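Engineer: Please read through the structure below; I'll follow up with questions.
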Amino acid sequence: MIVPPAPSASKRADCPRPLRSDRMPGMKLVVAVIQPTKLDTVRKALARLGVTRMTVCDAMGYARQRGHIETYRGHEYQSKLLRKVALEIAVNEDYLDRTLACLEEHARTSAEGHIGDGKIFVLPIDHAVQINDGTTGPSVA
1 MIVPPAPSAS
11 KRADCPRPLR
21 SDRMPGMKLV
31 VAVIQPTKLD
41 TVRKALARLG
51 VTRMTVCDAM
61 GYARQRGHIE
71 TYRGHEYQSK
81 LLRKVALEIA
91 VNEDYLDRTL
101 ACLEEHARTS
111 AEGHIGDGKI
121 FVLPIDHAVQ
131 INDGTTGPSV
141 A
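Residue 41 in the working numbering is what sits at position 41 of the sequence shown, and the numbering runs on without skipping anything.
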């Protein structure tokens, strides 16, 4: 069994922990899980607000919808997971309420909304680092 050597102190210095001054008070990560058909509408509405940076990921999941039945080559299959899209958007507190209202309005599949339209989560951001140059702080998000 080969055991790698313990990291030296110099290597640890290359990856410093964030300092308190690097903390990002007031920054939030908004995670919205929405219907894939609403992605373009939501993206354009957010752009009109000035929210132009986001990460978009394919997602699968279910809650109260409990999946659906698909037909493939004449056979029916019960699919427990439904296709969704997850958006990750970093905003400061000044943009948070506007961003949430925009997501709620434009991610709904009808005026009254339906089960399965999605969910929105808001998380604090403690620290962010630009990988290419090591820049830290709110400008990175």
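Ideal Cβ placement from N, Cα and C applies to all residues, glycine included.
Note that the coordinates shown come from a computational prediction; the quantities given were computed from them, not determined experimentally.
Using DSSP's beta-bridge definition, name the partner residues of Asp-133.
Structural biologist: The residue labelled residue 133 in the question sits at position 133 within the sequence shown. The partner list for Asp-133 (beta bridge, DSSP) is empty, contrary to what the question assumes.
Engineer: Might you give, ordered along the chain, the residues of its own chain that have their beta carbon closer than 6 angstroms to the beta carbon of Leu-103, omitting 5 neighbours on each side?
Structural biologist: One-based indexing of the sequence shown puts residue 103 at position 103. Within the same chain, Leu-103 has close Cβ partners Ala-32 and Ile-120.
Engineer: Is the beta carbon of Val-85 closer than 9 angstroms to that of Ala-141?
Structural biologist: In the sequence shown, residue 141 corresponds to position 141, counting from 1. In the sequence shown, residue 85 corresponds to position 85, counting from 1. No, the pair does not count as a contact, with Cβ atoms beyond the cut-off.
Engineer: For a quick check, are the C-beta atoms of Arg-43 and Met-54 less than 9 angstroms apart?
Structural biologist: Sequence index remark: in the sequence shown, residue 43 carries index 43 (1-based). Sequence index remark: in the sequence shown, residue 54 carries index 54 (1-based). Taking 9 angstroms as the Cβ cut-off, Arg-43 and Met-54 qualify as a contacting pair.
Engineer: Under the three-state reduction of DSSP, which class applies to Ala-128: helix, strand or coil?
Structural biologist: In the sequence shown, residue 128 corresponds to position 128, counting from 1. If DSSP states are grouped into helix, strand and coil, Ala-128 belongs with coil.
Engineer: Exposed or buried, Gln-35, counting other C-beta atoms within 10 Å across all chains shown (16 or more means buried)?
Structural biologist: If you number the sequence shown from 1, residue 35 lands on position 35. The residue in question, Gln-35, is buried, as its Cβ has 16 or more Cβ neighbours within 10 Å.
Engineer: If we count the other Cβ atoms within 10 Å of its Cβ and call it buried at 16 or more, is Lys-38 buried or exposed?
Structural biologist: In the sequence shown, the residue the question calls residue 38 occupies position 38. With 16 or more other Cβ atoms within 10 Å, it is buried.
Engineer: Can you list, in chain order, the residues of its chain with a C-beta nearer than 7 angstroms to that of Leu-81? Leave out the 5 residues immediately preceding and following it.
Structural biologist: If you number the sequence shown from 1, residue 81 lands on position 81. If we look at Leu-81 and ignore the five residues flanking it on each side, its Cβ neighbours are Met-60, Gly-61, Tyr-62 and Gly-67.
Engineer: Can you tell me whether Val-122 is buried or exposed, with buried defined as 16 or more other CB within 10 angstroms of its CB?
Structural biologist: Sequence index remark: in the sequence shown, residue 122 carries index 122 (1-based). Burial call: exposed.
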